[in-house]
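What follows is a short report on a single structure.
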Amino acid sequence: MGLTEAVAPPRSPDLGRGAARLETEQRYRVFLGEGIGSVCAGPAPYFDVASPTAKSQSTPTMQMLASCMIDGPLKGKSIVLIGHTDPRGSEEYNMKLGHERAEEVRRYLIDQGIAADRVTTQTAGEAAASGDPEKWSTDRRVEVQLNEKAKVEPRR
Numbered sequence: 034m035g036l037t038e039a040v041a042p043p044r045s046p047d048l049g050r051g052a053a054r055l056e057t058e059q060r061y062r063v064f065l066g067e068g069i070g071s072v073c074a075g076p077a078p079y080f081d082v083a084s085p086t087a088k089s090q091s092t093p094t095m096q097m098l099a100s101c102m103i104d105g106p107l108k109g110k111s112i113v114l115i116g117h118t119d120p121r122g123s124e125e126y127n128m129k130l131g132h133e134r135a136e137e138v139r140r141y142l143i144d145q146g147i148a149a150d151r152v153t154t155q156t157a158g159e160a161a162a163s164g165d166p167e168k169w170s171t172d173r174r175v176e177v178q179l180n181e182k183a184k185v186e187p188r189r
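Residue numbering for the sequence shown follows our numbering, beginning at 34 and increasing consecutively.
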């Protein structure tokens, strides 16, 4: 079981674009999987629906993850980023979108100084989606897992 913290996404101002506004109010988040959440906990970052581009409010969790990988409990460890989507869209589209979301987080970590060979990506697309429209916001996520079975001690 991993760790996520539910945080309501910021509301966009109404600029007369009702449908676009509704779309940007729905986000997906980074989910810290087993072994990561206990050592690198932080608020869940949000991203636009159907977009792999991280929002500025997503930065704190990704910064925390980078810090853990540079000089914290994950120093020298490798991770895998798994992109997930809600079930809307075709299977092909969702597989691609899940991959793009994972790659967006990977690029951020590399830009922060994490060696590229320590961060790999996968996509699950909609495979783990709940199918319940009320839970689609938790279906849209990037899950972070240890890429190796190394023991990581929680921060004290």
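Glycine is no exception: its CB is placed at the ideal position from the N, C-alpha and C atoms.
Relative to the C-alpha of SER170, which candidate in LYS129, PRO106, ASP104, GLU159 has its C-alpha closest?
GLU159
Is it true that the segment 113–123 meets the segment 151–158, where meeting means three or more beta-carbon pairs spaced less than 8 Å apart?
yes
Can you grab the Cα-Cα spacing for the pair ASN127 / TYR141, in whole Å?
21 Å
What are the boundary residues of the alpha helix (DSSP H) that MET115 is part of?
The question names Met, but residue 115 in the sequence shown is Ile. From DSSP, ILE115 is part of no alpha helix (DSSP H) but of the beta strand (DSSP E) over 112–117.
Do the CB positions of ARG134 and VAL175 come within less than 8 Å of each other?
yes
Please report the residue range of the alpha helix (DSSP H) in which ARG140 lies.
124–144
Which residues does DSSP pair with THR153 in a beta bridge?
VAL113
Hey, ILE143 and ILE103: beta-carbon distance below 8 Å or not?
no
Is it buried or exposed for PRO85, if we count other Cβ within 10 angstroms and need 16 for buried?
buried
What does a CB cutoff of less than 8 Å around GLY164 pick up in its chain, not counting 5 residues either side in sequence?
PRO120
Under a Cβ-count criterion, where at least 16 other Cβ atoms within 10 Å of its own Cβ denotes burial, should ALA161 be classed as buried or exposed?
Classification of ALA161: exposed, given that the 10 Å Cβ count is below 16.
For ARG151, which option in ASP172, LEU98, THR94, LYS168 has the closest C-alpha, if you only look at C-alpha atoms?
LEU98
Could you spell out where the alpha helix (DSSP H) holding ILE103 opens and where it closes?
92–104
Take the Cβ of THR94 as the centre, count every other Cβ of all protein chains shown within 10 Å, and call the residue buried at 16 or more, exposed below.
buried
Considering only the alpha carbon of each residue, which of SER100, PRO106, LEU130, GLN96 lies closest to ASP172?
LEU130
Beta-carbon gap between LYS110 and LEU179 smaller than 8 Å:
yes
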